[in-house]
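Sequential numbering from 5 applies to the sequence shown in our numbering. All residues carry an ideal CB built from backbone N, CA and C; glycine is no exception.
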Amino acid sequence: MHIHSIPMWTGKGNNYAYVVSDSKTKEAVVIDPANPPEVLPVLKEQTDSGKIKLTSIINTHHHHDHAGGNSEILKHYPLPVIGGKDCAHVTNTPAHNSTFTIGDSIKVRALHTPCHTQDSICYFFEDGDERAVFTGDTLFIGGCGRFFEGTPEEMDKALNQILGSLPDDTKVYPGHEYTKGNVKFAIQVSQDDAIKRLHKFAEENKETQGKTTIGDEKEFNVFMRLNDPTIQKATGASEPLQVMAKLREMKNAA
Ligand SMILES: [Zn+2]
């Protein structure tokens, strides 16, 4: 499995689109190609040179900075659009926990994670020993998305039951480069060794996508540490869902 990141709106939204291809057959998908002027040249180069055979567009949720490029991309690549029900031009909404394949060796599992939007889907990719999860605006490195269409309970389920149950060595590919901002907030909540490690990591890496794992996130992502007494103390709450709600309020106000 080969993963190619395409940064979009750098310095503004700091979004990422991703091209993921099967090494043997070259079959590939593009995830959240939201800004066609930045994505199409990459797709053109890779398809024209035979590096990839694009087979579908995948969206993590309907927001414009994720699914807003579909109509333009479809003019150049008339392909199926796999995504949540509210994504522009969606042709296929996979059921929770259903799987599909890319080429010979990549197996993808769709994970419904409603909260940031009700149509949020994370995609768990597996190719032999390699594992990656594309989390859109549900899980960020050291943080999580805003609860625009959902509740603390839904985000807890998304992060701590669904994503938290993936193998620890699964690499995390979020929809935005928000790590530095998330660190700023995390160090207000805790200064333990895990947060210090996250801080150092963010200082040393301009781009952080694919460089942390679900195992790392369980250690340093404060939204995945709701039972941790340090986090509970910082929020003034002890019940996990109240801790989740309070963390999000504190982060929104930070
Ligand atoms: Zn969003």
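Residue nearest to residue i in terms of C-alpha spacing, selected from the options
i      : options                           : result
Val43  : Asp108, Lys16, Asn74 and Phe144   : Asn74
Asp172 : Thr217, Tyr22, Ser109 and Thr95   : Thr217
Lys250 : Ala258, Ala257 and Thr239         : Thr239
Tyr127 : Gly147, Ile106 and Asp133         : Ile106
Asn186 : Met254, Val46 and Ala21           : Met254
Cys148 : Glu49, Glu221 and Gln50           : Glu221
Glu157 : Gly132, Arg252 and Glu211         : Arg252
Ile77  : His67, Asp69, Thr95 and Leu47     : Leu47
Phe129 : Val176, Gln165, Pro84 and Ile145  : Val176
Pro41  : Ala257, Pro11 and Asn225          : Pro11
Ala71  : Val85, Pro45 and Ser25            : Val85
His67  : Thr95, Gly54 and Arg150           : Arg150
Glu211 : Glu134, Gln165, Pro178 and Asp133 : Pro178
Leu170 : Phe104, Asp131, Gly132 and Gly219 : Gly219
Leu225 : Asp133, Leu202 and Lys30          : A small fix is needed here, since residue 225 is Asn in this sequence, not Leu. Selected option, being the one with the closest Cα: Leu202.
Phe227 : Asp131, Gln165 and Thr95          : Gln165
Euclidean distance between Cα positions of residue i and residue j
i      : j      : result
Leu143 : Leu163 : 7 Å
Val193 : Lys161 : 22 Å
Leu167 : Met248 : 16 Å
Thr14  : His180 : 10 Å
His120 : His100 : 16 Å
His6   : Glu153 : 33 Å
Ile110 : Ser102 : 14 Å
Thr97  : Val33  : 15 Å
Lys79  : Ala114 : 26 Å
Gln213 : Pro244 : 28 Å
Lys204 : Ala38  : 30 Å
Ile191 : Lys200 : 8 Å
Thr183 : Ile145 : 6 Å
Pro118 : Asn209 : 30 Å
Gly17  : Val112 : 27 Å
Phe138 : Lys237 : 31 Å
Val24  : Arg229 : 30 Å
Phe104 : Asn231 : 35 Å
Glu207 : Asn256 : 22 Å
Under 9 Å between C-beta atoms of residue i and residue j
i      : j      : result
Thr174 : Ala136 : yes
Asp36  : Ile56  : no
Gly140 : His65  : yes
Asp196 : Thr234 : yes
Ser124 : Gly88  : yes
Asp90  : Gln50  : no
Tyr20  : Ser27  : no
Ala258 : Lys215 : no
Leu58  : Tyr22  : no
Asp133 : Thr29  : no
Backbone secondary structure at residue i - three-state DSSP
i      : result
Leu143 : strand
Glu243 : coil
Pro45  : helix
Asp69  : helix
Arg252 : helix
Ala92  : coil
Thr51  : helix
Pro84  : coil
Asn19  : strand
Glu211 : coil
Arg229 : coil
Lys57  : strand
His120 : coil
Thr234 : helix
Along the chain, which unbroken stretches of the beta strand (DSSP E) at least 3 residues long are found entirely within the stretch 127 to 179?
Counting whole runs of 3 or more residues, the stretch 127 to 179 contains the beta strand (DSSP E) stretches 134 to 140 and 175 to 178.
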